[in-house]
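With the sequence shown counted from 1, adding 53 to any position gets you the working numbering.
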Amino acid sequence: MTKIVLKGANLLAPLPVVMVSLGTEKPNIITVAWTGIVCSAPPRVYISVRHDRYSYDLLKQSGEFVINFTTEKLLAACDWCGIRSGRDVDKFAEMRFTKGNASAVKAPLIEESPINIECKVFDAFDLGSHDMFLADVLAVDVDESLLDGNGAIDYSRADLVSYQHGEYYATGRHLGRFGFAAQRKYVKNYGKGKDAMSDSPLTKRNTRAQKNDRRIK
Ligand SMILES: Cc1cc2nc3c(=O)[nH]c(=O)nc-3n(C[C@H](O)[C@H](O)[C@H](O)COP(=O)(O)O)c2cc1C
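Structure (structure tokens):
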């Protein structure tokens, strides 16, 4: 692998791309990719929003928002909400989205999105171009058809979209479970001086999956 060094830039990828609904009297939607988990217990997340966004003042005033996940079906609406301002248009009306009642915050959730995270801001930092709003996750609303037999979300069925430096990508191909690399069947083949890239069972499994993909096409 030959590498070239680029100057410092925000190339971290993949990122979630979500629609954040906020405000009460005239609720708005802003598309956000600068978002993530910042703490497990208590569950806490952030969104970073530029000062000049219409949503910025709504956030400052209400201190609440809902993160609505973007599926492949909702991608065009998500993109549109990221290139139009709530100053000029009613994004709920234009996208024919249904305002759903959240259980723990006053901001509406987007009914058409299968997973909604209800958040309450507890702090904000001016970091430069963006303010980072840190929030407690008060409730999560999930389409019950996404739950598996154990009540966990089966993300492989959700058709979620990721964002990678200006481009949208599909997600959803399951590759393994947290901790799978510690299982004996993997450990005995992996590491111990073996070439991690060429001889990983995971790589073999991918190759089989790719062959299947080709056959289906
Ligand atoms: C894929 C994508 C990701 C975006 N991520 C952010 C973000 O993280 N923070 C932000 O302030 N604006 C982000 N934007 C831009 C806003 O969504 C956009 O400026 C929007 O029109 C603001 O809406 P508003 O004026 O109604 O608040 C993003 C736009 C797109 C298309």
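Think of the CB as a built atom: it goes at the ideal place given N, C-alpha and C, for glycine as much as any other residue.
Keep in mind the model is a prediction, meaning the values are calculated, not measured.
By the neighbour-count criterion, in which 16 or more other beta carbons inside 10 Å mark a residue as buried, Cys172 falls on the buried side. Leu162 carries a strand assignment under DSSP once its states are collapsed to helix, strand and coil.
The closest heavy atom of ligand 1 lies 6 angstroms or more from the beta carbon of Val73. When distances are taken from the beta-carbon of Asn63 to the heavy atoms of ligand 1, even the shortest one reaches 6 angstroms or more. Within the same chain, Arg97 and Tyr99 come within 6 angstroms of Val91 by CB-CB distance, once the 5 residues on both sides are set aside.
Glu117 sits in a strand when the DSSP states are folded into three classes.
Two segments are said to touch when three or more pairs of C-beta atoms, one from each, lie closer than 8 angstroms; by this definition the region 109-116 does not touch the region 199-213. Taking all protein chains in view, the Cβ of Ala94 is surrounded by fewer than 16 other Cβ atoms within 10 Å, so the residue is classified as exposed.
Check the Cα spacing between Phe175 and each of Pro167, Ile168 and Phe186: the tightest is with Phe186. Fully contained in the region 127-192 are the following alpha helix (DSSP H) runs of length 4 or more, in chain order: 128-134 and 144-147.
In the DSSP secondary-structure assignment, Tyr221 is bridged to Tyr216. Taking C-beta separations shorter than 6 angstroms and ignoring five residues to either side along the sequence, the partners of Ile168 in its chain run Phe122 and Val195, following chain order.
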